[in-house]
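A.B. asks:
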Amino acid sequence: MIYSKIIGTGSYLPDKVLTNFDLEKIVDTSDEWIVSRSGIRERHIAAEGQMTSDLALQASLKAIEAAGIAADDIDLIIVATTSPDKIFPSTACLLQDKLGITNGGAAFDLQAVCGGFVYAINSADLYIRAGQAKTVLVVGAEVMSRMLDWTDRATCVLFGDGAGAVIMQASDAPGVLAAKLHSDGRHHALLRADGNICNGEVQGDPFIKMEGQAVFKFAVTALSRVVDEVMLEAGMKSEDIDWLVPHQANIRIIEATAKKLGLSMDNVVVTLSHHGNTSSASIPLALDVAVREGRIKAGQNILLEAIGGGFTWGAVLLRW
57 MIYSKIIGTG
67 SYLPDKVLTN
77 FDLEKIVDTS
87 DEWIVSRSGI
97 RERHIAAEGQ
107 MTSDLALQAS
117 LKAIEAAGIA
127 ADDIDLIIVA
137 TTSPDKIFPS
147 TACLLQDKLG
157 ITNGGAAFDL
167 QAVCGGFVYA
177 INSADLYIRA
187 GQAKTVLVVG
197 AEVMSRMLDW
207 TDRATCVLFG
217 DGAGAVIMQA
227 SDAPGVLAAK
237 LHSDGRHHAL
247 LRADGNICNG
257 EVQGDPFIKM
267 EGQAVFKFAV
277 TALSRVVDEV
287 MLEAGMKSED
297 IDWLVPHQAN
307 IRIIEATAKK
317 LGLSMDNVVV
327 TLSHHGNTSS
337 ASIPLALDVA
347 VREGRIKAGQ
357 NILLEAIGGG
367 FTWGAVLLRW
């Protein structure tokens, strides 16, 4: 039987750090207000001219090095992003070119906002299990700062830029154990960026808008349910989870999810305070941190879960 297994991770954060104290100077907010409501203390901001594919490239190079493969071994690239370099071609194709991959392997973007990385992991797993790919580069990369209204303190304090990447490869040993994905478009107005391009001009409001309390309420319920589904599919219980690597959106959502699972926060990877919400990049960023710090070890069970605008949400359980 063919399984898919993560064999390398990588991440990248832009050099510029924007702290809560920096934000106090440009918007009506405070460090105490931001930390108490989100858990965020700072975030990284892409430099002028630094694009999503640039961030993705650096994270990918680290993942390729960690996996011990050559870039041309990659026969599929999936980039989860809601902030692509261009309308088209895809950021994945641009990344393929920057990596110097010329083997004709497939490359495409996947848009599920903050849920994008778990969607992409599940997609890569299915490609590998079907025999259509052997080595897949999965990336979550975002330049969210360019979608922010810096006068809106409800949103501009939450998001940051960054990229994370993993290499998934066909394996005889179990890797991805179970996955569940969901969406519910009825809630599209709760978290959105309405702008679009028409006749060369931006139509509507291109900035992120969010109904915070409604998103929080939906997120806690949806995430706990999808985790139950994944554990049931895998025939496992919450006590079998060694690490929860959640989407880094809000510390209260993370704590509520861990509580419903009966997990200690000591078993939850949290990078939110230094990264902010990096949308589809948040899980692979956190995963890479935990791997490189030696917290995640071979044979452990890792649960990834996320929710994003749409709503889209999902969870993936994997054996390291």
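Convert by adding 56 to the 1-based position in the sequence shown; the result is the number in the numbering used here. We put the CB at the ideal spot given by N, CA and C, even for glycine.
1. For a test of the three-state rule: what should DSSP assign to residue 254, helix, strand or coil?
2. Which residue's Cα is closest to the Cα of residue 223: 127, 111, 351?
3. Which of the three DSSP states is assigned to residue 89 in this structure?
4. In this structure, how does DSSP classify residue 361 when only helix, strand and coil are distinguished?
5. Please classify residue 244 as buried or exposed, where buried requires at least 16 other C-beta atoms within 10 Å of its C-beta.
6. Candidates 151, 350, 247, 363: which alpha carbon is nearest residue 376's?
7. Nearest-angstrom Cα distance between residue 100 and residue 249?
8. Assuming residue 302 is part of the beta strand (DSSP E), what are its boundary residues?
9. When the Cα atoms are used, what is the spatial distance from residue 232 to residue 59?
10. Please list the terminal residues of the continuous beta strand (DSSP E) segment that includes residue 375.
11. What is the rounded straight-line gap between the Cα of residue 104 and the Cα of residue 217?
12. Could you check if residue 320 is buried or exposed, using at least 16 other CB atoms within 10 Å of its CB as the buried criterion?
13. By DSSP's criteria, residue 215 is part of a beta bridge. Which residues make up the other side?
14. Spell out the partners DSSP gives residue 98 in its beta bridges.
15. Only counting the same chain, and skipping five residues up and downstream in sequence, which positions put a Cβ closer than 7 Å to that of residue 315?
16. In angstroms, rounded to a whole number, what distance separates the CA positions of residue 194 and residue 330?
17. Helix, strand or coil: how does DSSP classify residue 320 here?
18. Please report how far the alpha carbon of residue 278 lies from the alpha carbon of residue 191, in whole angstroms.
19. Using the three-state DSSP reduction, which class does residue 424 fall into: helix, strand or coil?
20. Could you tell me the boundaries of the alpha helix (DSSP H) in which residue 274 lies?
21. Are residue 146 and residue 164 close, meaning C-beta to C-beta below 8 Å?
22. Which whole-angstrom value describes the C-beta separation of residue 115 and residue 189, a residue pair presumed to lie in contact below a C-beta threshold of 8 Å?
23. Considering only residues of the region 188 to 215, which uninterrupted beta strand (DSSP E) runs meet the minimum length of 3 residues and lie entirely inside it, listed in chain order?
24. Please state whether DSSP places residue 341 in a helix, a strand or coil.
25. Just to confirm the assignment, what range does the beta strand (DSSP E) spanning residue 264 have?
26. Report the three-state DSSP secondary structure of residue 328 (helix, strand or coil).
C.D. replies: Reading it off the structure:
1. strand
2. 127
3. helix
4. strand
5. exposed
6. 350
7. 21 Å
8. 299 to 302
9. 7 Å
10. 368 to 375
11. 12 Å
12. exposed
13. 333
14. 75
15. none
16. 23 Å
17. coil
18. 31 Å
19. Outside the shown range of the chain (57 to 376) lies residue 424, about which nothing can therefore be said.
20. 268 to 290
21. yes
22. Between residue 189 and residue 115 the Cβ distance is about 19 Å, and since that is not below 8 Å, they are no contact.
23. 191 to 199
24. helix
25. Per DSSP, residue 264 belongs to no beta strand (DSSP E) and is neither H nor E.
26. helix
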